[in-house]
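I have placed the structure first, in the form of structure tokens, so that the comments after it can refer back to it.
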Amino acid sequence: MPSRDDALPKTTLSYFFREAIRRMWVSKRTSFVAVAMIAISLFIVGAFLLVAENLGRAVAQAGGKSRVNIYLDVDATPQQIAAVDAWLAAHHDFAGRRFVSKEVALARFRQYFANLSDVVGQLDENPFPASFECEIAPAVAQSPAFANISTELRSIAGVDEVQYDWEWVEKLKKLINLVNIAGLVAGGLLAIAAAFTIANVIRLTMLLYREEIDIMRLVGATERMIRGPFLIEGVLQGFIGAAVSIALLLAAFLSGRHFLAPRNSLLWGFLFNGFLPWRKLAALIAGGMLAGLLGSWLSVRESGEERA
Amino acid sequence: MRSPGWNLWIQRGLRSLRSFAALRRLRMTTSRRRPYRKIAAVIHFYHVTKRFDQYSTALHDVTFHIEKGEFVFLTGASGAGKSTLLKLILRQMQPTDGQVVVNGRNLKAMKRSQLPFFRREIGMVFQDFKLIERMTVFENLSFILTVLGVPPREHKKRAYSALRAVSLHHKLNAYPLQLSGGEQQRIAIARALINDPLVIVADEPTGNLDPDLTQEIIKIFAEANLRGSTVLIATHDRELIEQSGRRVITLDHGRITDEKVAVPQRAPRVESIFGIGG
Chain A
857 MPSRDDALPK TTLSYFFREA IRRMWVSKRT SFVAVAMIAI SLFIVGAFLL VAENLGRAVA
917 QAGGKSRVNI YLDVDATPQQ IAAVDAWLAA HHDFAGRRFV SKEVALARFR QYFANLSDVV
977 GQLDENPFPA SFECEIAPAV AQSPAFANIS TELRSIAGVD EVQYDWEWVE KLKKLINLVN
1037 IAGLVAGGLL AIAAAFTIAN VIRLTMLLYR EEIDIMRLVG ATERMIRGPF LIEGVLQGFI
1097 GAAVSIALLL AAFLSGRHFL APRNSLLWGF LFNGFLPWRK LAALIAGGML AGLLGSWLSV
1157 RESGEERA
Chain B
2 MRSPGWNLWI QRGLRSLRSF AALRRLRMTT SRRRPYRKIA AVIHFYHVTK RFDQYSTALH
62 DVTFHIEKGE FVFLTGASGA GKSTLLKLIL RQMQPTDGQV VVNGRNLKAM KRSQLPFFRR
122 EIGMVFQDFK LIERMTVFEN LSFILTVLGV PPREHKKRAY SALRAVSLHH KLNAYPLQLS
182 GGEQQRIAIA RALINDPLVI VADEPTGNLD PDLTQEIIKI FAEANLRGST VLIATHDREL
242 IEQSGRRVIT LDHGRITDEK VAVPQRAPRV ESIFGIGG
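As they're listed, the protein sequences go chains A and B.
Just so we're aligned, residue 857 is where the first sequence starts under my numbering, counting upward by one.
Just so we're aligned, residue 2 is where the second sequence starts under my numbering, counting upward by one.
This is the structure:
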């Protein structure tokens, strides 16, 4: 005698997956469009995340130190340099200081920007100024009293500019926020577009299987049983799209690191320091699956139930 | 003077009251938990009218009852309303007026969520077979078993035995379009019977078959009837009906014009078959 058990049969989930995979295989082209849309959207989101992540790492590295750079005039005399050094020696906050000569500054530039070294070589004289790099305790450097000290420093003959690390760190933090917001907005819009693409793909599949769905209803299949494979299909398309986007992102990252950025350059440090952490990768995968679920849910919801 | 519109409304109201009173009587005889187990009759039509639009009425004030374990033929010319009546039993559509009660469930009041579970109690053989073309014969049957929650390890055994009953066990891996109309019909019957349903409803199940196969198919239904299923077959095969010795409901232009037990006029073609069914 027939069972009146309201619960889904145990085999239902495996049936959902088998059917979803089979239907995706049958409608390869439309499924490909859906997967490609998800992959493109998440690739863009991922690229923004990757840039923000690497900038964040640069900020984190800089956050532990507070460096003050005292740039001297290009034509500062040895006496003036000695006077600045004496002034710094008199202030114990500047105990950890290091003199960077013009030659060292030029060598560093050539190392960081290897592709620009030819340009520098064409110049008649070294354009880089000598400087003092001072490691200062972050608390001291960021205290209000330090502003007076830097003003006093600037007034010494031979000092051209006094720069703090945390100034660019702050700027970098703002840039990271901007990148994150831009990534989320662009990615969000694209993810919505991808969800609608998936919705249309699932709608097409449902049209293709309309007769079969009618038969399923007539022989006693529940709406969950009918809709389940379509929902799983959307989720799978989202998952595959996300996986493809991560693979593309990794490929782009590795190629960029290999072909664009020589080691120890600033570009390397900023953009190619490391790939996305697993949490963000998991978030990308989850985002893809969610977009797929949203798309398929939209189409199965619209398809409605039997009009009996 | 009353307008014809008022008259119609009053008639409709009276019919509804009669349906309601009949339903109340039925409810008093049924258990609250599993009503369909205790009632005697399994299919009730109370003053059922099905109107598609103001010019087209498929069924007009149809009332009949089919008892548990009965084997009934529904007959009538094309367009008489046979298919509409069967669709109402499966709740593929709702009546415009009146009530349909099947297995103790008032189909008008039944929740949509209960519909699939109700349909699993009915083995329906459709006129156009409704087999899923992309699935093999085995997969068509296996799908029903999945819907019913039968473990996959039992699918092969049950599908094979259902196909053996219709002598098509060797077509397990064939696709519906590779089979003849008669074979597809028999697969559809095997699918309907695979779960020993409480009620078997068949729409022209012998329409595509030669006389020998017709005997074969009717024998299958008779055996299911013997096992306790109530059977309702819509057909316009007059010879088959007349020789059956079974109750026959005749529809004409949406109205029941005759309800009788057929008396075989001569040596019945299916005598031995109905000998099984009693």
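Even glycine gets a Cβ: it sits at the ideal position worked out from N, Cα and C.
In this text, all values refer to a predicted model and were calculated from it rather than measured experimentally.
Contact with chain B by residue i, beta-carbon distance below 8 Å
i          : result
A/Ala-892  : no
A/Leu-869  : no
A/Leu-1064 : no
A/Leu-1127 : no
A/Leu-1074 : yes
A/Met-880  : no
A/Ala-1038 : no
A/Glu-1158 : no
A/Glu-1089 : no
Residue i in three-state terms, based on DSSP
i          : result
A/His-947  : coil
B/Lys-51   : strand
B/Leu-252  : strand
B/Met-125  : strand
A/Phe-984  : coil
A/Asp-941  : helix
B/Gly-208  : coil
B/Glu-134  : coil
B/Ile-234  : strand
B/Glu-224  : helix
A/Leu-1154 : helix
A/Ile-1048 : helix
B/Leu-75   : strand
A/Gly-977  : helix
A/Arg-1059 : helix
A/Ile-1012 : coil
B/Asp-213  : helix
B/Ala-203  : strand
B/Phe-284  : There is simply no residue 284 of chain B to check, as chain B begins at 2 and stops at 279 in what is shown.
Min CB distance residue i to chain A below 8 Å
i         : result
B/Arg-159 : no
B/Val-148 : yes
B/Phe-118 : yes
B/Lys-69  : no
B/Phe-91  : Sequence inspection shows Leu at residue 91 of chain B; the Phe mentioned does not correspond to that position. Yes, contact with chain A.
B/Lys-131 : yes
B/Ile-145 : yes
B/Arg-121 : yes
Boundaries (first-last residue) of the alpha helix (DSSP H) holding residue i
i          : result
A/Tyr-968  : 958-968
B/Ile-257  : No alpha helix (DSSP H) holds B/Ile-257; the beta strand (DSSP E) holding it covers 256-262.
A/Ser-999  : Here A/Ser-999 belongs to no alpha helix (DSSP H), and DSSP marks it neither H nor E.
A/Glu-1093 : This sequence places Gln at residue 1093 of chain A; Glu is not what is there. Its alpha helix (DSSP H) spans residues 1079-1115.
B/Ile-188  : 182-194
A/Tyr-871  : 868-882
A/Glu-1068 : 1066-1074
B/Phe-118  : 116-120
B/Leu-87   : 83-90
A/Gln-1019 : Here A/Gln-1019 belongs to no alpha helix (DSSP H); instead the beta strand (DSSP E) covers 1015-1020.
B/Gln-244  : 239-245
Residue range of the unbroken beta strand (DSSP E) whose run includes residue i
i         : result
A/Asn-925 : 922-928
B/Leu-199 : Segment: none, B/Leu-199 is in no beta strand (DSSP E) and carries neither H nor E.
B/Tyr-161 : Taken as a continuous stretch (DSSP letters only), B/Tyr-161 belongs to no beta strand (DSSP E), being part of the alpha helix (DSSP H) at 153-166.
B/Leu-60  : 57-68
B/Asp-98  : 98-103
Nearest-angstrom Cβ-Cβ length linking residue i and residue j, presumed shorter than 8 Å
i          : j          : result
A/Lys-958  : A/Phe-988  : That pair is no contact at about 13 Å.
B/Ala-223  : B/Phe-72   : 7 Å
A/Val-1156 : A/Arg-1083 : 4 Å
A/Leu-1150 : A/Ala-1042 : Contact doesn't hold; Cβ gap of about 18 Å is too wide.
B/Ala-81   : B/Asp-253  : 6 Å
B/Thr-207  : B/Leu-241  : 7 Å
A/Gly-1039 : A/Val-901  : 6 Å
B/Pro-96   : B/Thr-50   : 6 Å
B/Arg-154  : B/Ile-195  : With a Cβ gap of about 16 Å, B/Arg-154 and B/Ile-195 do not count as contacting.
A/Val-924  : A/Ile-992  : 6 Å
Practice task
Indicate whether the contact test is met: 3 or more Cβ pairs, each with one atom in the segment 222-230 of chain B and one in the segment 185-205 of chain B, closer than 8 Å.
Solution key: yes
Exercise for the section: State whether the segment 172-180 of chain B contacts the segment 147-164 of chain B, with contact taken as three or more CB pairs (one from each stretch) at a distance under 8 Å. Expected result: yes
Handout entry: Validate contact between the segment 42-60 of chain B and the segment 102-114 of chain B using beta carbons, cut 8 Å, 3 pairs
Key = yes
Practice task
Would you check if the segment 1044-1053 of chain A and the segment 1138-1147 of chain A touch, i.e. whether three or more CB-CB distances between them fall below 8 Å?
Solution key: yes
Handout entry: Cβ contact (3+ pairs, closer than 8 Å) linking the segment 127-136 of chain B and the segment 1067-1080 of chain A
Key = yes
Practice task
Flag this pair as touching only if the segment 999-1019 of chain A and the segment 936-948 of chain A have three or more C-beta atom pairs under 8 Å; answer yes or no.
Solution key: yes
Exercise for the section: Mind the definition here: the segment 71-88 of chain B touches the segment 248-262 of chain B only if three or more C-beta pairs lie below 8 Å; say whether that holds. Expected result: yes
Exercise for the section: Kindly confirm or deny that the segment 1087-1094 of chain A and the segment 1052-1062 of chain A touch, where touching means at least three C-beta pairs closer than 8 Å. Expected result: yes
Handout entry: Stretch-stretch touch, CB-based, cutoff 8 Å, three pairs: the segment 138-152 of chain B with the segment 892-903 of chain A
Key = no
Practice task
Check whether the segment 1106-1117 of chain A touches the segment 1125-1134 of chain A, counting contact only when three or more Cβ pairs, one atom from each stretch, lie closer than 8 Å.
Solution key: yes
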